[in-house]
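Numbering (UniProt numbering), first residue to last: 1 to 159. In this text, a Cβ means the ideal position worked out from N, Cα and C, and glycines have one as well. Being a predicted model, the structure only gives us computed values, none of them experimental. Just below is one structure, and these are the notes that go with it.
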């Protein structure tokens, strides 16, 4: 069903601290300080490119996608699978990056006080399973690199 998708893009939070700036780096996912990085993975599970890491508190997934200049990194024929956290940013990205909505695949958003149709619910459920591929890549990265394992604190020297 998702054979047209060529890339998965998702954010990953890693434990990090800059000393006294822990509050500015707070991650709701980790419940502690951290850095968020956007990771683009191809259909074969290869990491193709990543964004700059930024403090979690002020940099949500959508904002980081807007700032990474995705239009220069992908072909016009690519289709990127995104989770629901990005959907409100798609319009701005399409306009700014000269892309088309067909370059993105994302879950169907439920409207307030209105249930999804059965086909829409099924699509969202299958999409969630399909997107688990990117989580598997993050798991492999966490096993390989202590920096990404969320158990160790990565302390980066200030520039």
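Inter-residue Cα distance where the pair is residue i and residue j
i: residue 78; j: residue 62; result: 18 Å
i: residue 33; j: residue 13; result: 9 Å
i: residue 160; j: residue 116; result: Since the first residue of the chain shown is 1 and the last is 159, residue 160 is not available in this structure.
i: residue 169; j: residue 66; result: Here the chain comprises residues numbered 1 to 159, so residue 169 is not present and cannot be evaluated.
i: residue 96; j: residue 112; result: 28 Å
i: residue 28; j: residue 57; result: 8 Å
i: residue 91; j: residue 98; result: 11 Å
i: residue 69; j: residue 94; result: 11 Å
i: residue 71; j: residue 127; result: 23 Å
i: residue 25; j: residue 38; result: 16 Å
i: residue 110; j: residue 86; result: 14 Å
i: residue 53; j: residue 15; result: 11 Å
Beta-bridge partners of residue i, as assigned by DSSP
i: residue 4; result: Bridge partners of residue 4: none, in fact.
Integer Cβ distance of residue i from residue j, believed to fall under 8 Å
i: residue 81; j: residue 5; result: 5 Å
i: residue 120; j: residue 108; result: 5 Å
Which complete beta strand (DSSP E) runs does the UniProt domain "DDE Tnp4" (20-149) hold, if anything under 3 residues is left out? Whole beta strand (DSSP E) segments, 3+ residues: 32-42 and 47-50.
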